[in-house]
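Notes follow once the structure below has been shown.
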Amino acid sequence: MTSDCSPRFVASDNTSGICPEALDYLIQANASDDLAYGNDVWTHRAADRFRELFDYDCDVFFVFNGTAANSLSLAALGQSYHSVICHELAHIETDECGGPEFFSNGSKLLTSSGEDGKLTPKGIERLVTRRSDIHYPKPRVVSITQATEVGTVYTREELLAIRTVADKYDLRVHMDGARFANACCALDASPAELTWQVGVDVLCFSGTKNGLPMGEAILFFNRDLAEDFAYRAKQAGQLASKMRFIAAPWLGLLESGAWRRNAEHANAMARYLSEGLAGLPGASLMFPTDANSVFVSLPEPVIAGLRARGWTFYTFIGAGGARFVCSWNTTTELLDQLLADARTAFENV
Ligand SMILES: *Cc1c(COP(=O)(O)O)cnc(C)c1O
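Letter by letter, the sequence shown follows residues 1 to 349 in the working numbering.
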């Protein structure tokens, strides 16, 4: 179906532009020259702010995107003959084109199902204990996505229960934090409470989806695992020579508190949309709207009707259905238009 309206963007949080705080710092960083490859003042300052925010002396690295952050950090957590346990809907399994396997030289991903996009201790244990012979890729890592691919969040208790099973089987814990800020807001928790305090070894914290032009931070709480990581990132083509232009916008988020405000706003917009959609007869929400994504099951003609009105959204992500994602600049006006168009589309079914 072709669109007869100009596009309106609710497909992902990366359709939004750069938030003002990040842009302000980007321009500030452009005012004077500085050293390359992360030896500049902005990168050092941003790493220090992360250590303050997380209240932990972690090792911090910056890369361009989330696939690299996940792939390279997972590669650092095990050997090529190890395996990584993740949910069957995990981005590392479904959306990274084999990057984690490639950068680890062959580590296999072992997937588990689980309600609401979440791994469970039982599911993890089942994969670990299924085999113990030399022909099975030895489980070494559990990867958790926070918030999950279907817009839910792991509570602290759920994270602790996963850490307990990880300890039992000597597994390391990796967190894909593409929407980590949204999870902190959803749970009204501090970054520390959702990471090292519940035994996360490494966090990939997305700035892109929070309002940066680009850039992800990788935080190693288990600093032994960060040994030689800088070389790994360089070899993979992820060492930015003008790293200050990734770090400075990050600093804009961290020093102004925008990282949390942006996520708070995105979550509030998703709740607003979720409540509106729940009120439409014939629409049914597929998952609790804990963070900034709304998954809703809609009849095919309604989906086509929305597309014809210019709405951009995906229907192949997670468990199917339509996915709408809110971001730092989503407005209630936009969502009211979406709801009105959905109502009209239902009337025309
Ligand atoms: C967006 C996203 C990423 C990162 O994707 P890139 O396009 O590589 O930056 C990672 N994990 C999840 C769950 C995501 O939604």
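Note that beta-carbon positions come from the ideal geometry of N, C-alpha and C, so glycine has one too.
Predicted model, so just to flag it, every value in this text is computed and none were measured.
Distance cut-off 7 angstroms: residue i Cβ against heavy atoms of ligand 1
i	result
T164	no
T208	yes
E149	yes
G66	yes
D201	no
D176	yes
T145	yes
N262	no
N222	no
N267	no
N182	no
N70	yes
Presumed contact (8 angstroms Cβ cut-off) between residue i and residue j, rounded CB distance
i	j	result
D40	R244	4 angstroms
T148	D188	Going by Cβ atoms, the distance from T148 to D188 rounds to 18 angstroms, so no, they are not a contact pair.
V302	L273	So it is not a contact: roughly 15 angstroms between Cβ atoms.
P191	C185	At roughly 11 angstroms, the Cβ-Cβ gap does not stay under 8 angstroms, so P191 and C185 are not in contact.
V173	G199	6 angstroms
F61	A236	Contact flag wrong, Cβ pair sits at about 11 angstroms.
D57	R51	6 angstroms
W328	S32	W328 to S32, Cβ: 28 angstroms. No contact.
R343	L298	So it is not a contact: roughly 12 angstroms between Cβ atoms.
Residue i beta carbon near ligand 3 (any heavy atom closer than 7 angstroms)
i	result
H91	Only ligand 1 can be found as ligands here, which leaves ligand 3 out of the picture.
Sub-8 angstroms separation of residue i and residue j beta-carbons
i	j	result
V325	S80	no
S351	E88	The requested residue 351 is not part of the displayed model; the chain covers only 1 to 349.
A247	A22	no
M121	T155	Checking the sequence, you will find Pro at residue 121 rather than Met. Taking 8 angstroms as the Cβ cut-off, P121 and T155 do not qualify as a contacting pair.
T330	A263	no
F64	Q337	no
S291	G151	Before going further, note that residue 291 is Ala rather than Ser in the sequence given. Yes, Cβ-Cβ distance for A291 and G151 is below 8 angstroms.
G310	P100	no
V305	A345	According to the sequence displayed, residue 305 carries Gly and not Val. It is a contact, given that the beta carbons lie within the stated cut-off.
R140	S104	no
D24	G252	yes
M175	I124	no
A226	D55	no
A181	W259	yes
Y169	V202	no
A36	K234	no
V371	A322	Because the chain is modelled from 1 through 349, residue 371 falls outside the range shown and cannot be assessed.
T312	F9	yes
L194	L53	no
L171	V153	no
L334	G276	no
W118	E158	Note that residue 118 is Lys in the sequence shown, not Trp. Cβ atoms of K118 and E158: closer than 8 angstroms.
Minimum Cβ-Cβ distance from residue i to chain C less than 8 angstroms
i	result
A29	In the structure shown, chain C does not exist; there is a single protein chain.
(message) Using a Cβ distance threshold of 8 angstroms, determine whether the stretch 68 to 78 contacts the stretch 208 to 220, with at least three qualifying pairs required.
(response) Contact between the stretch 68 to 78 and the stretch 208 to 220 is present, because at least three Cβ pairs lie under 8 angstroms.
(message) Does the structure place the stretch 71 to 78 close enough to the stretch 205 to 214 that three or more beta carbon pairs sit under 8 angstroms?
(response) Result no; under three Cβ-Cβ pairs closer than 8 angstroms.
(message) Tell me whether the stretch 91 to 105 and the stretch 120 to 137 touch, counting them as touching only if at least three CB pairs, one residue from each stretch, are closer than 8 angstroms.
(response) They do not touch, by the three-pair rule.
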